[in-house]
Amino acid sequence: MSLFWRIFALNAVVLGSATALLLWAPVTVSVPVLLTEAVILVGGLVVMLVANAALLRIGLAPLDRLTRLMSTVDLLRPGQRLPEGGHGQTAELIRTFNAMLERLEHERAASSARALSAQEAERRRIAQELHDEVGQSMTAILLSLERAADEADEPLRGELRQMQEITRGSLDEVRRLVRRLRPGVLEDLGLVSALTSLTGEFATHVALRVMRRFDTGLPALDQQTELVLYRVAQEALTNAARHAEADKVEVSLRHSGETVVLTVVDDGRGTQAAPEGAGMRGMRERALLVGATLDVTSQPRAGTEVRLTVPLRKQP
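Using the UniProt record's numbering, read the sequence shown as starting at 1 and increasing by one per residue.
Encoded structure:
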């Protein structure tokens with residue numbers, strides 16, 4: 001029975017019962033209406049309204065449950081489906097909603113893959129331009145300052161040496177930006193070496209005590225999976241350095257027979273449950289690309305844990 005006919009039937013039952021009472025009950029209405037008759041009529045109306053409301057509540061309860069369940073669905077946490085219970089149009093609505101979720105998840109995964117691929121390509125382009133244009137120009141300036149300082153007399157020589165140190169520091173910063181934009185060590189030496197270099201850089205330049213716990217004998221991972229693991233670790237370390245006010249961070253990479261698990265735990269101030277920012281959403285979108293699961297737990301003054309669980313793809 002469709003929802004329309006259910007509601008119609010419920011109202012028909014209530015109105016039919018009221019009509020039957022009026023027909024066969026020993027109640028008459030005088031003109032003018034007596035007080036006792038008015039009380040009986042108002043009481044009957046109240047009973048009819050209450051019965052109608054109760055029956056409608058029962059009939060619409062499946063839609064209320066469906067609405068509550070729909071409000072909890074998050075496309076960044078795929079696989080959530082509503083149980084296909086009920087009958088008739090309600091069950092059809094649930095099946096349609098689940099099919100829509102399936103389609104939206106596929107479309108979002110495809111669009112996220114295209115966006116992140118374009119982002120990585122743009123990072124490589126910017127890194128290349130920084131290396132080739134800005135880096136080489138600053139190197140030429142540094143050499144010119146060095147020659148000028150060798151030929152100059154004091155106090156000009158001291159000022160030139162100071163400018164030389166400032167330029168050298170800026171050149172080092174440009175090189176660090178290039179390494180963060182394009183992790184060449186990841187392409188050349190693999191994931192463990194890249195994470196070691198990344199954590200060492202944070203320990204040196206951000207004043208974080210970084211502990212590493214990497215399992216030996218990690219299984220071979222494809223390039224996209226390694227890049228996802230690297231970028232999630234990079235974002236988690238950046239959040240710990242910028243927002244968590246942490247002193248110590250532990251980065252671990254472990255594997256079992258079926259998964260590889262990256263964990264980044266800091267001892268910072270932590271947070272209560274709050275809307276996730278762009279960095280967290282970016283990590284979740286990257287996790288979706290490789291079918292991974294991202295779990296973030298945080299408590300005030302108890303630090304934050306970021307855990308990325310990547311299922312290993314079976315070789316054909």
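C-beta: ideal position from N, C-alpha, C; glycine also.
Which complete alpha helix (DSSP H) runs does the stretch 112 to 189 hold, if anything under 4 residues is left out?
As far as the stretch 112 to 189 is concerned, its whole alpha helix (DSSP H) runs of at least 4 residues are 136 to 151, 156 to 181 and 184 to 189.
With H, G and I counted as helix, E and B as strand and the rest as coil, what does DSSP make of Glu245?
DSSP places Glu245 outside both helix and strand once states are collapsed to three, so it counts as coil.
Given this structure, state the Cα-to-Cα distance separating Met100 from Arg6, to the nearest angstrom.
So the alpha carbons of these two residues sit roughly 26 Å apart.
Short check: CB of Ser298 to CB of Gly279, under 8 Å?
A distance of 8 Å or more separates the beta carbons of Ser298 and Gly279.
Rounded straight-line distance, which links the Cα of Leu145 to that of Arg168
Note on geometry: alpha-carbon atoms of Arg168 and Leu145 lie some 11 Å from one another.
Nearest candidate by alpha-carbon position, reference Ser17, set Ala38, Leu45 and Leu35
Of the candidates Ala38, Leu45 and Leu35, the one whose C-alpha sits nearest the C-alpha of Ser17 is Leu45.
I'd like to know whether the C-beta atoms of Val310 and Thr259 end up nearer to each other than 8 Å.
Going by C-beta atoms, Val310 is nearer than 8 Å to Thr259.
Assuming Arg213 and Glu250 make a contact with CB atoms under 8 Å, what is their CB distance in whole Å?
Contact between Arg213 and Glu250 holds, since their C-beta atoms are separated by about 7 Å, short of 8 Å.
According to DSSP, is Gln315 part of a helix, a strand, or is it coil?
Any answer about Gln315 is weak, because its pLDDT of 49 lies below 50 and its placement is not dependable; what the coordinates show is given next. Of the three classes helix, strand and coil, the one that applies to Gln315 here is coil, per DSSP.
Starting from the Cα of Val261, find the closest Cα among Leu312, Thr72 and His243 and give me that residue.
Comparing Cα-Cα distances from Val261 to each of Leu312, Thr72 and His243, the minimum goes to Leu312.
Could you please give me the residues that DSSP links to His255 through a beta bridge?
DSSP output for His255 lists Val260 as bridge partner(s).
Which residue marks the beginning of the alpha helix (DSSP H) containing Thr204, and which one marks its end?
Where Thr204 is concerned, the enclosing alpha helix (DSSP H) stretches over Leu191 to His205.
Would you please state the rounded distance, in angstroms, between the beta carbons of Val290 and Val228? I believe it to be under 8 Å.
Rounded, the Cβ-Cβ distance is 5 Å, consistent with contact.
If I'm right that Ser112 touches Glu285 with Cβ under 8 Å, what's the distance once you round it to whole angstroms?
Confirmed, about 4 Å.
Going by DSSP, what residue range makes up the beta strand (DSSP E) through Asp267?
Looking at the DSSP string, Asp267 is not in any beta strand (DSSP E), and its letter there is neither H nor E.
With 16 as the cutoff for other CB atoms within 10 Å, does Gly268 come out buried or exposed?
Here Gly268 is buried, its C-beta having at least 16 other C-beta atoms within 10 Å.
Please report the straight-line C-alpha distance between Ile126 and Leu66, rounded to a whole angstrom.
Going by the C-alpha atoms only, they are around 48 Å apart.
Between Glu226, Glu129, Glu245 and Glu133, which lies nearest to Leu195 when the distance is taken from Cα to Cα?
Minimum Cα-Cα distance from Leu195 among the listed residues Glu226, Glu129, Glu245 and Glu133 corresponds to Glu226.
DSSP three-state call for Leu227: helix, strand or coil?
DSSP, reduced to helix, strand and coil, places Leu227 within a helical segment of the structure shown.
Assign Val232 to one of two classes, buried (16 or more other C-beta atoms within 10 Å of its C-beta) or exposed (fewer than that).
Per the 10 Å Cβ criterion, buried.
Considering only C-alpha positions, which residue in the set Leu294, Glu245, Ala287 and Asp215 is nearest to Gly257?
Cα-wise, what sits closest to Gly257 is Asp215.
Going by Cα to Cα distance, which pick from Leu308, Thr304, Glu129 and Gly282 is closest to Leu116?
If you compare the alpha carbons of Leu308, Thr304, Glu129 and Gly282 with that of Leu116, the shortest gap goes to Gly282.
Assuming contact is defined by CB atoms lying nearer than 8 Å, are Asp247 and Gly303 in contact in what I supplied?
Going by C-beta atoms, Asp247 is not nearer than 8 Å to Gly303.
Who are Thr19's beta bridge partners in DSSP?
Answer is none; Thr19 lacks a bridge partner.
So for Val46, helix, strand or coil by DSSP?
In this structure, Val46 counts as helix in the three-state DSSP scheme.
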